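Undergrad:
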Amino acid sequence: MTVVPMLGDWEVPRIAMMRSEEARKFAEFPVPGRRGSLFQDLDAEAAVIEIAGALYAEEETAPFMREARRRFTAAEPLTFVADITEATDIQYVLIEHLVLELRGDRPGELGYRLRLRESPPPPPPSDPFGGIAGDLMAEAGALVEGVTSALDALDALADLPDFSDPSALLGGTTDEASAAIDRLGEIGGRLQALFGGS
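Quick note on numbering: the sequence shown equals residues 40 to 237 in our numbering.
#1: Tell me whether glutamate 178 sits in a helix, a strand or coil according to DSSP, three-state version.
#2: How far does the beta strand (DSSP E) with alanine 93 in it extend, from its first residue to its last?
#3: CB leucine 149 to CB leucine 94, shorter than 8 Å?
#4: I'd like to confirm the pairing. Which residues does DSSP put opposite methionine 104 in its beta bridges?
#5: Distance, Cα to Cα, glutamate 50 vs proline 44?
#6: With H, G and I counted as helix, E and B as strand and the rest as coil, what does DSSP make of arginine 142?
#7: What residues are listed by DSSP as bridge partners for glutamate 50?
#8: Looking at proline 160: is its Cβ nearer than 8 Å to the Cβ of leucine 133?
#9: Quick one: using the 10 Å Cβ neighbour count with 16 as the cut-off for buried, is methionine 176 buried or exposed?
#10: Does the segment 51-66 come close enough to the segment 79-95 to have 3 or more Cβ pairs within less than 8 Å?
#11: Would you say isoleucine 129 and alanine 86 are within 8 Å of each other, going by their C-beta atoms?
#12: May I ask you to list the residues that DSSP assigns as paired with serine 76?
#13: Could you pull the start and end residues of the beta strand (DSSP E) that glutamate 157 belongs to?
#14: Express the C-alpha separation of lysine 64 and proline 102 in angstroms, rounding to a whole number.
#15: Less than 8 Å separating the beta-carbons of glycine 185 and arginine 110?
#16: Provide the residue span of the beta strand (DSSP E) that contains threonine 124, from first to last.
#17: Do leucine 139 and methionine 104 come within 8 Å of each other at the CB atom, strictly closer than that value?
#18: For serine 59, which of Phe119, Arg142, Pro146, Glu106 has the nearest alpha-carbon?
#19: Between the beta-carbon of arginine 156 and the beta-carbon of glutamate 135, is there less than 8 Å?
#20: Residues in its own chain within less than 7 Å of glutamate 67 by CB, not counting five upstream and five downstream?
Structure (structure tokens):
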């Protein structure tokens, strides 16, 4: 074997025989007045893989029984790779049957048989919040965008001058105008004195 047979993360030890069985399902439609029938392909049935082997040392048999029974009891899909699955779509299998055999005429030997059945890949874990989380994220993004726009508008308002004091708009221009008016007042007084005013 070029590919080490692996069932999940477990290397199946001392394999003596491996066999696969595949079949298709067909619906048969007899045609009146004709020999034979028409068949509709209903796709392939789940493939079956049988593995058999034997262990001879006590230090191997006890760990093997624990590992095999643990995976059988879990009843969960396991990845499976081996030479016999070449050119198939088999990725996951379930342990359908587990047979362990101790015989009196072969002391210390543990024979085993595993019957694996193809299983579709397990579905991805479900989202407990469904689509709510995505909707909330979209609404939160819109809210943040709205707050950012409002803050930008406030920054723009902060740059506007204070209309309660219009002199702030004119800066130093009002001071210059006041000085010019004062000078005009002085000139007006002199002209009035010059032309005989009081």
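Beta carbons are placed, not taken as given, at the ideal position from N, Cα and C, and that holds for glycine.
Just so we're clear, the structure is a prediction, and the values are computed from it rather than from any experiment.
TA: This is what the structure holds:
#1: The residue given as residue 178 occupies position 139 in the sequence shown. Secondary structure of glutamate 178 (DSSP, three-state): helix.
#2: As a position in the sequence shown, residue 93 is number 54, starting the count at 1. 87-94 is the span of the beta strand (DSSP E), which, as asked, contains alanine 93.
#3: Here residue 149 refers to the residue found at position 110 of the sequence shown. Here residue 94 refers to the residue found at position 55 of the sequence shown. Yes, these two residues count as a Cβ contact at 8 Å.
#4: Start at 1 with the first residue of the sequence shown, and residue 104 comes out as number 65. Paired residue(s): none; methionine 104 is not in a bridge.
#5: In the sequence shown, counting from the first residue as 1, residue 50 sits at position 11. In the sequence shown, counting from the first residue as 1, residue 44 sits at position 5. One C-alpha to the other measures close to 6 Å.
#6: Reading the sequence shown from its first residue, position 103 is the one you call residue 142. The three-state reading of DSSP puts arginine 142 in coil, since its state is none of H, G, I, E or B.
#7: As a first step, residue 50 must be located in the sequence shown, where it is residue number 11. DSSP, once it has assigned bridges, lists Met45 as partnering glutamate 50.
#8: Numbered from its first residue, the sequence shown carries residue 160 at position 121. Numbered from its first residue, the sequence shown carries residue 133 at position 94. No, the pair does not count as a contact, with Cβ atoms beyond the cut-off.
#9: Taking the sequence shown and counting its residues from 1, one reaches residue 176 at position 137. Methionine 176 should be labelled exposed.
#10: Counting C-beta pairs closer than 8 Å gives three or more between the segment 51-66 and the segment 79-95, which meets the contact rule.
#11: Position 90 of the sequence shown, counted from the start, is the residue given in the question as residue 129. Position 47 of the sequence shown, counted from the start, is the residue given in the question as residue 86. It is a contact, given that the beta carbons lie within the stated cut-off.
#12: By one-based count along the sequence shown, residue 76 stands at place 37. Per DSSP, Pro69.
#13: Within the sequence shown, residue 157 is the residue found at index 118, counting from 1. DSSP places glutamate 157 inside the beta strand (DSSP E), whose first and last residues are 149-158.
#14: The count along the sequence shown starts at 1 and reaches residue 102 at position 63. The count along the sequence shown starts at 1 and reaches residue 64 at position 25. Approximately 39 Å, taken between the alpha carbons.
#15: Counted from its first residue, the sequence shown places residue 185 at position 146. Counted from its first residue, the sequence shown places residue 110 at position 71. Taking 8 Å as the Cβ cut-off, glycine 185 and arginine 110 do not qualify as a contacting pair.
#16: For the purposes of this step, residue 124 is taken as the residue at position 85 of the sequence shown. Per DSSP, threonine 124 lies in no beta strand (DSSP E) and is assigned neither H nor E.
#17: By 1-based counting over the sequence shown, the position of residue 104 is 65. By 1-based counting over the sequence shown, the position of residue 139 is 100. Their beta carbons are under 8 Å apart, which means methionine 104 touches leucine 139 by this criterion.
#18: Walking along the sequence shown from the start, residue 59 turns up at place 20. The residue with the shortest Cα to Cα distance from serine 59 is Phe119.
#19: Along the sequence shown, read from residue 1 onward, the residue named residue 156 stands at position 117. Along the sequence shown, read from residue 1 onward, the residue named residue 135 stands at position 96. Cβ atoms of arginine 156 and glutamate 135: closer than 8 Å.
#20: Here residue 67 corresponds to residue number 28 of the sequence shown, with the count starting at 1. Answer for glutamate 67: Ser76, Phe78, listed in chain order.
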